[in-house]
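**Student:**
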Amino acid sequence: MDVVWLKRDVRLQDHGPLSHAARTKNPVILLFLYEPDQLVEPTVHGSHLLFVHEGLVDLERQLLLQQHHGEEKTTIDYFQYMTVSHCSAIDAFQFIHRKYTIHRLLAHQETGHWQSFMRDKQVRKFCRSNSIPFTEFNQTGVTRCLKSRDDFSAKFQAFISQPQHSTPDIPILCQQIVQMKDIPGFMPNLTLSLDQFSEIPNAHRQDRPDRQQKGGLSKAYATLDSFLSERGSKFSQGISSPNTAWTTCSRLSPYLTWGHISHRHVVHALKQRQEQLRKMKQQGRNIGTWLKGLQVFSSRVHWRSHFIQKLESEPTMEKRDLCPAYQDLRRKNDDWNEAYYQAWAQGKTGFPFVDACMRCLLQHGWLNFRMRAMLVSFATYNLWLDWKKLAPHLARVFLDYEPGIHYPQLQMQSGTTGINAMRVYNTTKQGKDHDTEGNFIRRYVTELREVPTEYIHEPSKMPLFLQQQCNVVVGRDYPKPIVHEQESAKVAKKKVADVKRQSETRSMANQVYMKHGSRSRGREEMEGRKPKALSSFVERDDPSNQPTIAAVFERSMLKQQVSIESRIHVSMADSTISCEDGANDSDNKSKSIASDEEMPTKAADNSIKRLFISMNGSAQTGAKRQKQKPTKTSFWTCRACTFLNDKPLGLVCSMCSTTRHKGSF
Numbered sequence: 001m002d003v004v005w006l007k008r009d010v011r012l013q014d015h016g017p018l019s020h021a022a023r024t025k026n027p028v029i030l031l032f033l034y035e036p037d038q039l040v041e042p043t044v045h046g047s048h049l050l051f052v053h054e055g056l057v058d059l060e061r062q063l064l065l066q067q068h069h070g071e072e073k074t075t076i077d078y079f080q081y082m083t084v085s086h087c088s089a090i091d092a093f094q095f096i097h098r099k100y101t102i103h104r105l106l107a108h109q110e111t112g113h114w115q116s117f118m119r120d121k122q123v124r125k126f127c128r129s130n131s132i133p134f135t136e137f138n139q140t141g142v143t144r145c146l147k148s149r150d151d152f153s154a155k156f157q158a159f160i161s162q163p164q165h166s167t168p169d170i171p172i173l174c175q176q177i178v179q180m181k182d183i184p185g186f187m188p189n190l191t192l193s194l195d196q197f198s199e200i201p202n203a204h205r206q207d208r209p210d211r212q213q214k215g216g217l218s219k220a221y222a223t224l225d226s227f228l229s230e231r232g233s234k235f236s237q238g239i240s241s242p243n244t245a246w247t248t249c250s251r252l253s254p255y256l257t258w259g260h261i262s263h264r265h266v267v268h269a270l271k272q273r274q275e276q277l278r279k280m281k282q283q284g285r286n287i288g289t290w291l292k293g294l295q296v297f298s299s300r301v302h303w304r305s306h307f308i309q310k311l312e313s314e315p316t317m318e319k320r321d322l323c324p325a326y327q328d329l330r331r332k333n334d335d336w337n338e339a340y341y342q343a344w345a346q347g348k349t350g351f352p353f354v355d356a357c358m359r360c361l362l363q364h365g366w367l368n369f370r371m372r373a374m375l376v377s378f379a380t381y382n383l384w385l386d387w388k389k390l391a392p393h394l395a396r397v398f399l400d401y402e403p404g405i406h407y408p409q410l411q412m413q414s415g416t417t418g419i420n421a422m423r424v425y426n427t428t429k430q431g432k433d434h435d436t437e438g439n440f441i442r443r444y445v446t447e448l449r450e451v452p453t454e455y456i457h458e459p460s461k462m463p464l465f466l467q468q469q470c471n472v473v474v475g476r477d478y479p480k481p482i483v484h485e486q487e488s489a490k491v492a493k494k495k496v497a498d499v500k501r502q503s504e505t506r507s508m509a510n511q512v513y514m515k516h517g518s519r520s521r522g523r524e525e526m527e528g529r530k531p532k533a534l535s536s537f538v539e540r541d542d543p544s545n546q547p548t549i550a551a552v553f554e555r556s557m558l559k560q561q562v563s564i565e566s567r568i569h570v571s572m573a574d575s576t577i578s579c580e581d582g583a584n585d586s587d588n589k590s591k592s593i594a595s596d597e598e599m600p601t602k603a604a605d606n607s608i609k610r611l612f613i614s615m616n617g618s619a620q621t622g623a624k625r626q627k628q629k630p631t632k633t634s635f636w637t638c639r640a641c642t643f644l645n646d647k648p649l650g651l652v653c654s655m656c657s658t659t660r661h662k663g664s665f
């Protein structure tokens with residue numbers, strides 16, 4: 001008996017486990033588990049479970065439809081092929097193995113939260129103990145036990161370029177499928193009742209009031225098709241404003257998160273559409289801004305796996321700061337303010353644009369990336385709240401909650417990675433820039449619907465008589481601002497900067513970069529760090545472990561000229577360079593962090609000289625630093641989202657549309 005363990009991969013197309021199971025004549029169980037030990041996580045929300053279940057129902061109907069050669073049959077109320085159970089993974093596998101003997105366990109790799117990571121370890125142990133082959137297939141382009149971050153892009157491209165897994169012959173597959181109705185916790189009904197999941201608090205055991213996206217591979221493919229054929233041309237122009245992002249964004253994120261469509265399928269469809277558009281352009285046809293929009297979207301697809309790789313390489317990221325130097329920030333006894341947290345979580349801070357964004361999430365479960373980042377920035381800087389305590393609430397309100405993006409982004413936006421620039425949003429300015437007329441605010445902060453545009457972003461400045469005319473008195477009908485925006489941001493930035501400038505912090509940041517920093521387009525993307533963010537290497541006792549300087553630059557694919565005497569010059573504006581020589585830890589899938597060090601290099605006389613790579617773009621031998629005029633780079637890093645832009649004269653970021661900082665020219 002083969003078992004295909006469905007997790008975040010409820011689909012038919014490009015499904016490795018399903019494709020491999022269908023190649024044999026073995027009986028197969030299509031198993032999906034609502035696991036009690038996973039449901040107790042505070043990040044779980046009823047909207048997640050309903051979306052997932054909609055995917056299960058759609059998959060069941062696809063099997064039935066293709067089994068009957070596309071003919072619609074009578075409406076069904078029960079699963080006929082899928083085995084869906086409210087049961088732990090170990091209990092389920094033990095039951096199946098006792099009854100049938102599991103020949104193979106097939107599943108996709110999952111980069112999830114810590115609890116799922118520990119669950120996977122238990123399953124591997126169970127399989128080893130019972131001599132059950134457990135095969136896990138890659139579906140995101142993320143590499144387990146990645147030895148060097150330098151290798152990520154090449155491995156990702158190699159994966160994403162492979163042909164998709166073949167779709168099984170459904171009528172034949174259906175003959176192989178065995179449904180286990182006697183498995184503990186069997187759930188036969190196509191309709192899901194959230195009340196059966198007592199592990200979830202009552203407050204979270206419900207759907208969003210207006211969840212506009214439904215789960216399922218049919219919905220996923222329709223969303224992809226509409227984006228590539230209709231909506232994608234305006235992607236780069238419309239992603240920043242919450243008013244336009246509803247239609248210009250791909251809206252594929254929940255389908256990718258829960259696996260109703262594969263990452264690779266999206267990339268392949270995207271490339272086909274881009275090739276089609278290029279041919280149309282060569283024929284002299286007007287394609288407008290299509291190619292630009294899809295190129296920006298392509299960058300975001302790569303960006304997604306880049307962040308998931310961070311959590312894969314550092315599973316403890318949800319529990320601790322990536323850079324230990326920041327571990328005491330926002331965690332002193334008097335730092336946490338429960339009233340601030342509740343106001344932020346409910347959208348009642350007195351800052352209309354912030355409140356509108358949060359209420360939008362509470363109603364729909366979706367918001368564009370820039371506004372999500374603003375919510376985190378406001379909470380962690382202006383309100384000085386700990387990101388770890390914000391994480392569960394945001395996970396619940398994000399229908400597309402992806403742990404591999406969630407935790408790296410929370411740390412990045414709150415300034416605890418050590419390798420990113422501080423991101424402190426002026427929320428009032430963001431509102432004026434991206435919701436100039438206040439339409440978004442009026443839609444979600446209904447108390448302010450009659451407020452004139454002049455005051456919609458700062459209603460507290462409205463004269464009292466006008467407040468009364470607009471039926472909203474600030475402090476009674478709508479809260480006053482709970483903090484002073486400029487002053488609170490100033491105080492927070494100083495606290496973070498005080499930690500950042502410490503020498504110990506810079507040393508720790510070096511290590512973080514070596515393990516997690518992006519190596520983009522053959523140059524080192526420093527994700528917003530200034531040169532002084534990396535300054536000194538920590539010497540290691542064992543020189544045999546030191547990488548050669550040639551190997552460092554070869555891995556990095558840097559095209560800079562290296563002098564055989566003693567000079568190395570790397571000019572990357574706001575960027576820096578470091579190296580990595582991490583060890584593999586197969587137990588927790590997180591390699592050890594190699595320390596920075598002085599590295600030996602061969603000089604002209606073949607003797608070994610000590611070479612110190614400085615973080616301002618030059619090198620020094622011994623005590624003497626060789627100075628060289630900087631070389632102008634054709635790439636620039638966005639200070640808002642850290643994307644490495646490849647257009648030297650571009651005035652706005654291709655990723656987030658933020659205006660280019662003058663210092664990056």
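The sequence shown lines up with residues 1 to 665 when you count with the UniProt record's numbering.
Note that CB positions come from ideal geometry on N, CA and C, so glycine has one too.
1. Within the same chain, show all residues whose beta-carbon is closer than 8 Å to that of cysteine 323, passing over the 5 residues directly before and after it, in chain order.
2. Buried or exposed: where does alanine 623 fall if 16 or more other Cβ atoms within 10 Å of its Cβ makes it buried?
3. Whole angstroms is fine: what's the gap from phenylalanine 297's alpha carbon to phenylalanine 235's?
4. Is it buried or exposed for threonine 223, if we count other Cβ within 10 angstroms and need 16 for buried?
5. With DSSP as the reference, identify every bridge partner of valine 4, one or two as the case may be.
6. Check whether the Cβ of glutamate 199 lies closer than 7 Å to any heavy atom of the ligand SAH, and answer yes or no.
7. What runs of the alpha helix (DSSP H), each 4 residues or longer, lie entirely inside the region 419-504?
8. Applying the criterion that 16 or more other CB atoms from any shown protein chain within 10 Å of the CB defines a buried residue, is asparagine 368 buried or exposed?
9. Can you look up serine 535 in the DSSP assignment and give me helix, strand or coil?
10. Have a look at the DSSP bridge pairing and note the partners of glutamate 136.
11. Got a sec? Which residues, its chain only, sit under 8 Å from glycine 284 by beta carbon, not counting five neighbours each side?
12. Hey, how far is the Cα of glutamine 213 from the Cα of serine 503?
13. Since alanine 22 contacts proline 168 with CB under 8 Å, what's their CB separation in whole angstroms?
14. Within the continuous alpha helix (DSSP H) that includes valine 296, where are the two ends?
15. For a minimum of 4 consecutive residues, which ranges assigned as the alpha helix (DSSP H) are wholly contained in the region 185-265?
16. Just to confirm my understanding: we take glutamate 402, look at its own chain, exclude 5 residues before and 5 after, and list those with CB closer than 6 Å. What are they?
17. Please confirm whether phenylalanine 197 and tyrosine 34 have their CB atoms less than 8 Å apart.
18. Starting from serine 85, trace the beta strand (DSSP E) in both directions and tell me its first and last residue.
19. Excluding five sequence neighbours on each side, which residues of the same chain lie with their C-beta closer than 6 Å to the C-beta of phenylalanine 440?
20. By how many angstroms is the C-alpha of tryptophan 5 removed from the C-alpha of tyrosine 100?
21. Given this structure, state the Cα-to-Cα distance separating glutamate 450 from aspartate 477, to the nearest angstrom.
22. For leucine 192 versus phenylalanine 227, is the C-beta distance shorter than 8 Å?
23. Determine the direct distance from the alpha carbon of phenylalanine 351 to that of threonine 484, and round the result to whole angstroms.
24. Decide if glutamine 202 is buried, meaning its Cβ has at least 16 other Cβ atoms within 10 Å, or exposed.
25. Does the Cβ of serine 305 have 16 or more other Cβ atoms within 10 Å, making it buried, or fewer, making it exposed?
26. Would arginine 211 and serine 47 be called neighbours here (beta carbons separated by less than 8 Å)?
27. Rounded to whole angstroms, what is the Cα-Cα separation between threonine 289 and threonine 247?
28. Mind checking lysine 281: buried by the 16 CB within 10 Å criterion, or exposed?
29. Evaluate lysine 500 with the Cβ neighbour count: other Cβ atoms within 10 Å of its Cβ, from every protein chain shown; 16 or more gives buried, anything less gives exposed.
30. Mind checking which residues open and close the alpha helix (DSSP H) that includes tryptophan 387?
31. What is the DSSP secondary structure of isoleucine 177, reduced to helix, strand or coil?
32. Determine the burial state of threonine 453: buried for a count of at least 16 other Cβ atoms within 10 Å of its Cβ, exposed for fewer.
33. Got a sec, what are the start and stop residues for the alpha helix (DSSP H) cysteine 357 sits in?
34. The alpha helix (DSSP H) spanning lysine 155 covers which residue range?
35. Pull up the CB-CB distance for lysine 495 and leucine 329, whole angstroms please, since I reckon it's below 8 Å.
36. Among residues of its own chain, excluding the 5 on either side of leucine 63, which ones have a beta-carbon nearer than 7 Å to its beta-carbon?
**Tutor:** Straight from the coordinates:
1. The sequence position of residue 323 within the sequence shown is 323, counting from 1. Sequence-distant Cβ neighbours of cysteine 323 in its own chain, meaning closer than 8 Å and more than five residues away, are Thr416, Thr417, Gly418, Ile419, Thr505, Met508, Ala509, Val512.
2. For the purposes of this step, residue 623 is taken as residue 623 along the sequence shown, with counting starting at 1. Unreliable placement is indicated for alanine 623, whose pLDDT of 41 sits below 50; the coordinate value is still reported in the next sentence. Classification for alanine 623: exposed.
3. As a working mapping, residue 297 is identified with position 297 in the sequence shown. As a working mapping, residue 235 is identified with position 235 in the sequence shown. One C-alpha to the other measures close to 7 Å.
4. Taking the first residue of the sequence shown as 1, we reach residue 223 at position 223. Buried, by the Cβ-count rule.
5. By 1-based counting over the sequence shown, the position of residue 4 is 4. DSSP, once it has assigned bridges, lists Leu30, Leu106 as partnering valine 4.
6. Questions concerning the ligand SAH fall outside what the structure shown contains, since it holds no ligand whatsoever.
7. DSSP runs (the alpha helix (DSSP H)) wholly in the region 419-504: 427-434, 439-444, 464-469, 485-500.
8. In the sequence shown, residue 368 corresponds to position 368, counting from 1. By the neighbour-count rule (16 or more Cβ atoms within 10 Å), asparagine 368 is buried.
9. Along the sequence shown, read from residue 1 onward, the residue named residue 535 stands at position 535. Unreliable placement is indicated for serine 535, whose pLDDT of 35 sits below 50; no coordinate value is reported for it.
10. Here residue 136 refers to the residue found at position 136 of the sequence shown. Ala107.
11. Walking along the sequence shown from the start, residue 284 turns up at place 284. Closer than 8 Å at Cβ, skipping near neighbours: no residue.
12. In the sequence shown, the residue the question calls residue 213 occupies position 213. In the sequence shown, the residue the question calls residue 503 occupies position 503. Take the alpha-carbon of glutamine 213 and the one of serine 503: they are about 48 Å apart.
13. Here residue 22 is taken as the residue at index 22 of the sequence shown, counted from 1. Here residue 168 is taken as the residue at index 168 of the sequence shown, counted from 1. Rounded to whole angstroms, the Cβ separation of alanine 22 and proline 168 is 3 Å, and the two are in contact under 8 Å.
14. Within the sequence shown, numbered from 1, the residue matching residue 296 stands at position 296. Its alpha helix (DSSP H) spans residues 290-313.
15. Listed in chain order, they are 217-226, 235-238, 245-248, 253-257.
16. The residue labelled residue 402 in the question sits at position 402 within the sequence shown. If we look at glutamate 402 and ignore the five residues flanking it on each side, its Cβ neighbours are Thr257.
17. Sequence index remark: in the sequence shown, residue 197 carries index 197 (1-based). Sequence index remark: in the sequence shown, residue 34 carries index 34 (1-based). In this structure, tyrosine 34 lies closer than 8 Å to phenylalanine 197 by Cβ.
18. On the sequence shown, residue 85 is found 85 positions in, with the first residue counted as 1. Run containing serine 85: 83-85, per the beta strand (DSSP E) assignment.
19. Indexing the sequence shown from 1 puts residue 440 at position 440. Cβ within range, chain order: Pro242, Asn243, Ala356.
20. Here residue 100 is taken as the residue at index 100 of the sequence shown, counted from 1. Here residue 5 is taken as the residue at index 5 of the sequence shown, counted from 1. Spanning the two alpha carbons is a distance of roughly 16 Å.
21. For the purposes of this step, residue 450 is taken as the residue at position 450 of the sequence shown. For the purposes of this step, residue 477 is taken as the residue at position 477 of the sequence shown. Their Cα atoms are separated by approximately 13 Å.
22. Taking the sequence shown and counting its residues from 1, the one referred to as residue 192 is at position 192. Taking the sequence shown and counting its residues from 1, the one referred to as residue 227 is at position 227. In this structure, leucine 192 lies away from phenylalanine 227, with their beta-carbon atoms at least 8 Å apart.
23. On the sequence shown, position 484 is the one that residue 484 refers to. On the sequence shown, position 351 is the one that residue 351 refers to. Residue identity check: residue 484 is histidine in the sequence provided, not threonine. Looking at the backbone, the Cα of histidine 484 and that of phenylalanine 351 are separated by about 10 Å.
24. Locating residue 202 in the sequence shown gives position 202, where the first residue counts as 1. Correcting the residue identity first, residue 202 is asparagine in this sequence and not glutamine. Exposed.
25. Walking along the sequence shown from the start, residue 305 turns up at place 305. By the neighbour-count rule (16 or more Cβ atoms within 10 Å), serine 305 is buried.
26. Counting from 1 along the sequence shown, the entry for residue 211 is found at position 211. Counting from 1 along the sequence shown, the entry for residue 47 is found at position 47. In this structure, arginine 211 places its C-beta atom within 8 Å of the C-beta atom of serine 47.
27. Within the sequence shown, numbered from 1, the residue matching residue 289 stands at position 289. Within the sequence shown, numbered from 1, the residue matching residue 247 stands at position 247. If you take the alpha carbons of threonine 289 and threonine 247, they lie about 16 Å apart.
28. Numbered from 1 along the sequence shown, position 281 holds the residue referred to as residue 281. Counting Cβ neighbours within 10 Å, lysine 281 comes out exposed, since fewer than 16 surround it.
29. Numbered from its first residue, the sequence shown carries residue 500 at position 500. Around the C-beta of lysine 500, 16 or more other C-beta atoms lie within 10 Å, and the residue is accordingly described as buried.
30. Residue 387 sits at position 387 when you count from the first residue of the sequence shown. Annotation for tryptophan 387: the continuous alpha helix (DSSP H) segment containing it runs 387-397.
31. Along the sequence shown, one-based indexing puts residue 177 at 177. Here isoleucine 177 sits in strand by DSSP.
32. Reading the sequence shown from its first residue, position 453 is the one you call residue 453. Looking at its Cβ environment, which holds fewer than 16 other Cβ atoms inside 10 Å, threonine 453 is exposed.
33. Stepping through the sequence shown from its first residue, residue 357 is reached at position 357. The continuous alpha helix (DSSP H) containing cysteine 357 extends over residues 352-364.
34. The sequence position of residue 155 within the sequence shown is 155, counting from 1. Here the alpha helix (DSSP H) through lysine 155 covers 152-161.
35. Within the sequence shown, residue 495 is the residue found at index 495, counting from 1. Within the sequence shown, residue 329 is the residue found at index 329, counting from 1. Correct: roughly 7 Å between the Cβ atoms.
36. Counted from its first residue, the sequence shown places residue 63 at position 63. Here the set comprises Tyr81, Ile170, Cys174.
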